[in-house]
Amino acid sequence: MSGYFSDVAALARKDLRLELRARDTLPAMLLFVLSTLVVFHFALPSESGDQAAYGLLWVALVFTALLGLGRAWVPEQEEGALDGLVLAPCDRSAIWLGKSLATLAFLVAAEAVALPAFALLFAALDLAAIAGVALASIGICTVGSLVAAMAAASRGREVILPLLFLPLAIPLVVGGVGSSVSADPGTYLAFLGLYDAVFAILSWAAFEYVVTE
Amino acid sequence: MSQEQLVAAAYGVFLAVVLAWIVIIAAKLSRLERETTELAELARRRRDDG
Amino acid sequence: MRTANPSVPLLAAIAVALTGAAVVMVFFVAPEDVDQGISQRIFYVHVPIALTAYACFGLGAWKALRLLWTRGERYDLESYTAIHQGTIFGALTLLTGAIWAKASWGVWWLWSEDQLVLFLVLFLFYCAYFMLRFSLEPGARRERISAVYALFGVALIPVSFLAIRLAENFIHPTVFTRDGPQMDGSMFGAFCVAWAALLLLAYVMYRVELLGKRTDANLRLLRETLTS
Chain A
2 MSGYFSDVAA LARKDLRLEL RARDTLPAML LFVLSTLVVF HFALPSESGD QAAYGLLWVA
62 LVFTALLGLG RAWVPEQEEG ALDGLVLAPC DRSAIWLGKS LATLAFLVAA EAVALPAFAL
122 LFAALDLAAI AGVALASIGI CTVGSLVAAM AAASRGREVI LPLLFLPLAI PLVVGGVGSS
182 VSADPGTYLA FLGLYDAVFA ILSWAAFEYV VTE
Chain B
288 MSQEQLVAAA YGVFLAVVLA WIVIIAAKLS RLERETTELA ELARRRRDDG
Chain C
52 MRTANPSVPL LAAIAVALTG AAVVMVFFVA PEDVDQGISQ RIFYVHVPIA LTAYACFGLG
112 AWKALRLLWT RGERYDLESY TAIHQGTIFG ALTLLTGAIW AKASWGVWWL WSEDQLVLFL
172 VLFLFYCAYF MLRFSLEPGA RRERISAVYA LFGVALIPVS FLAIRLAENF IHPTVFTRDG
232 PQMDGSMFGA FCVAWAALLL LAYVMYRVEL LGKRTDANLR LLRETLTS
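Residue numbers (this note's numbering), protein chains in the order written: chain A, 2 to 214; chain B, 288 to 337; chain C, 52 to 279.
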């Protein structure tokens with residue numbers, strides 16, 4: 002068991018180190034989320050309330066995540082390293098978990114910039130909203146890593162990832178916006194937790210089938 | 288549109304889709320028939336040559 | 052491949068008979084609804100179609116599970132065909148649902164109508180299934196990835212349903228409540244017959260499509276052998 006988690010940690014660390022050296026994905030995500038928020042300022046009609054703004058925050062987060070997910074498996078693909086990893090004597094699902102954790106780290110870093118910016122430019126974010134963002138981010142990265150691996154195996158790479166990911170992300174957006182906007186955020190947070198549990202387990206179990214030849 | 292027309296439209300849409308499906312399957316069947324004939328011809332030639 | 056039983060012509064004949072019975076029951080036996088009038092009759096075609104679509108997606112997911120478990124050859128085609136039927140009936144659900152919305156409430160679309168929104172999400176999801184399938188090279192990997200996706204779809208159904216229920220609180224106040232099955236005997240009977248007819252029709256369509264796809268695959272093999 003400890004071998005499993007040390008594999009996961011090693012894989013996640015590898016991704017983080019690669020990113021620290023190459024510095025291409027994270028800056029792009031940060032810039033993207035900030036630019037999107039500015040676009041939303043001009044896209045929103047002037048009297049729209051906070052509710053619309055929260056909705057758009059979630060749009061920004063989902064598409065920023067998509068940007069990160071699109072690049073998640075690129076390092077493995079470019080070196081053919083995915084085959085090497087798959088042959089390695091570690092549990093295949095550890096590859097998925099390591100990748101999800103690394104992607105989560107990038108997404109959280111982007112959110113650390115986006116959320117204060119949003120609070121400054123649009124509307125305040127309370128604890129429930131931030132908890133919603135945290136829970137939804139977990140869901141985004143777990144499901145997203147699996148779906149990105151599917152997209153990586155396909156020919157129409159860049160285009161197919163959003164198609165696969167967005168329907169699955171809809172419940173997360175509902176949960177996230179609900180936790181920011183509703184008077185009873187507890188229900189929405191519980192729902193997000195349920196989504197995370199169900200789809201994390203599914204992704205964990207299914208990854209092996211997606212990635213073996 | 289009147290209520291009766293909408294009810295008819297609902298059932299009509301259902302019927303239309305099923306009929307469209309039949310048309311597509313029929314086209315597929317024709318294609319399969321054509322391919323089988325070609326292959327039968329190939330097999331015949333093989334049998335007569337070999 | 053052995054001739055599957057029960058045979059397709061027999062099932063098709065039963066489907067025809069059931070459809071005939073359903074039409075009789077829906078239009079001649081079941082009484083007209085007091086509140087909604089004649090537009091309530093759309094219910095007999097819309098709801099069974101929706102339930103049939105769910106059944107098809109369920110069948111697709113079951114076949115997908117069998118594929119991942121046993122790696123049997125036939126399950127990929129069966130899963131794919133079942134999902135294809137589900138998508139067709141899903142599209143029909145959206146169309147008949149929109150017509151019913153127009154008849155009942157005067158608008159073609161209603162975000163507060165759970166069934167419609169859920170189907171829109173599922174429809175998007177399963178359309179992406181086909182995009183995924185066609186962008187992958189044929190082979191064992193495509194079969195497995197498609198199977199995993201089909202299983203995710205079935206997990207998505209209850210989760211989305213819950214999400215849509217929750218979403219109504221901040222998207223739209225729930226003004227319109229759906230009439231539940233407080234129907235009298237003959238209405239319920241008509242509904243059941245209609246549902247049985249549609250389920251069987253979907254299954255017949257599924258079997259016919261499978262026949263076509265399998266024949267296609269056999270022909271391809273024959274062609275390769277004969278032209279080599």
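Every residue, glycine too, gets a C-beta built ideally from N, C-alpha and C.
Just so you know, these numbers come straight off a predicted model, no measurement behind them.
(message) I need the boundaries of the alpha helix (DSSP H) containing L32(A), first residue and last residue.
(response) Residues T26 to A44.
(request) Work out the CA separation of F192(A) and A72(C) for me, nearest whole Å. (result) 43 Å
(request) May I have the straight-line CA-CA distance separating P186(A) from A129(A), to the nearest angstrom? (result) 6 Å
(message) As a quick exercise: from S94(A), L121(A), G133(A) and W97(A), pick the residue whose alpha carbon is nearest that of V109(A).
(response) G133(A)
(request) Assign D84(C) to one of three DSSP states: helix, strand, or coil. (result) strand
(message) Cβ closer than 9 Å: which chain B residues qualify as neighbours of R92(C)?
(response) V294, A297 and Y298
(request) Output, in chain order, the set of chain A residues within a Cβ distance shorter than 8 Å of L169(C). (result) Here the premise fails: no neighbours, minimum Cβ distance about 10 Å.
(request) Following the continuous alpha helix (DSSP H) through S146(A), name the residue where it begins and the one where it ends. (result) L128 to A153
(request) Report the three-state DSSP secondary structure of D235(C) (helix, strand or coil). (result) coil
(message) Can you tell me whether C243(C) is helix, strand or coil according to DSSP?
(response) helix
(request) Determine the contact status of A201(C) and F108(C), defining contact as a CB-CB distance below 9 Å. (result) Yes, Cβ-Cβ distance for A201(C) and F108(C) is below 9 Å.
(message) Quick check on L98(A) - is its C-beta less than 9 Å from some C-beta in chain C?
(response) With respect to chain C, the C-beta atom of L98(A) has no partner C-beta closer than 9 Å.
(request) May I ask you to report which of helix, strand or coil DSSP gives V226(C)? (result) Its pLDDT being 35, under 50, V226(C) is placed unreliably by the model, and nothing is read from it.
(message) Distance cutoff 9 Å, beta carbons only. Does P76(A) sit that close to anything in chain C?
(response) no
(request) Quick one: grab the DSSP three-state call for M256(C). (result) helix
(request) Go to R156(A), then tell me how far its alpha helix (DSSP H) extends in each direction, as first and last residue. (result) Per DSSP, R156(A) belongs to no alpha helix (DSSP H) and is neither H nor E.
(message) I need the straight-line Cα distance from A330(B) to G263(C), nearest angstrom please.
(response) Near 22 Å, if we compare the C-alpha coordinates of G263(C) and A330(B).
(message) What does the alpha-carbon distance come out to for the pair L21(A) and W113(C)?
(response) 43 Å
(request) Count the other CB atoms, across all protein chains shown, that sit within 10 Å of the CB of I202(A); report buried if there are 16 or more and exposed otherwise. (result) Counting every other CB atom within 10 Å of its CB across the protein chains shown gives I202(A) a total below 16, marking it as exposed.
(message) Spatial neighbours of L319(B) within its chain, please: C-beta separation below 7 Å, excluding the five flanking residues on both sides.
(response) none
(request) Check the Cβ-Cβ distances between S211(C) and every residue of chain A, and say whether any is below 9 Å. (result) yes
(request) Count the other CB atoms, across all protein chains shown, that sit within 10 Å of the CB of Y298(B); report buried if there are 16 or more and exposed otherwise. (result) buried
(request) Report all residues from its chain with a CB closer than 7 Å to the CB of I89(C); omit the five preceding and five following residues, and keep chain order. (result) Taken in chain order, the residues that qualify are E83.
(message) I want to know whether the region 181-189 of chain C touches the region 152-165 of chain A - three or more CB-CB distances under 8 Å.
(response) yes
(request) Determine the contact status of I208(C) and L169(C), defining contact as a CB-CB distance below 9 Å. (result) In contact: I208(C) and L169(C) (Cβ atoms closer than 9 Å).
(message) Any C-beta of chain F within less than 8 Å: which residues of the region 186-203 of chain A qualify?
(response) Annotation note: the requested chain F is absent from the structure, which comprises protein chains A, B and C.
(request) Keeping to the same chain, check which residues put their C-beta closer than 7 Å to that of W97(A); ignore five residues upstream and five downstream. (result) S146, L147, S204, W205 and F208
(request) Compare the Cα-Cα distances from A68(C) to each of L118(C), A154(C) and A247(C) and report the closest residue. (result) A247(C)
(request) For E320(B), go through chain C and note every residue whose CB falls closer than 9 Å to its CB, in chain order. (result) Result: empty, since nearest Cβ-Cβ is about 10 Å, beyond 9 Å.
(message) Taking the alpha-carbon of L136(A) as reference, which of L165(A), A150(A) and L62(A) has the nearest alpha-carbon?
(response) L62(A)
(request) State yes or no: is the C-beta of L293(B) within less than 9 Å of the C-beta of I93(C)? (result) Yes, these two residues count as a Cβ contact at 9 Å.
(request) Specify the secondary structure class of S49(A) as computed by DSSP and reduced to three states. (result) In the three-state scheme derived from DSSP, where H, G and I count as helix and E and B as strand, S49(A) is classed as coil.
(message) Counting only C-beta atoms, is E164(C) closer than 9 Å to chain A at any point?
(response) no
(request) Run down chain A in chain order and give the residues with a C-beta less than 8 Å from the C-beta of Y200(C). (result) Residues of chain A passing the Cβ test: M151 and L165.
(request) Assign Y5(A) to one of two classes, buried (16 or more other C-beta atoms within 10 Å of its C-beta) or exposed (fewer than that). (result) exposed
(message) Is the separation between the beta-carbon of V114(A) and that of L31(A) shorter than 9 Å?
(response) yes
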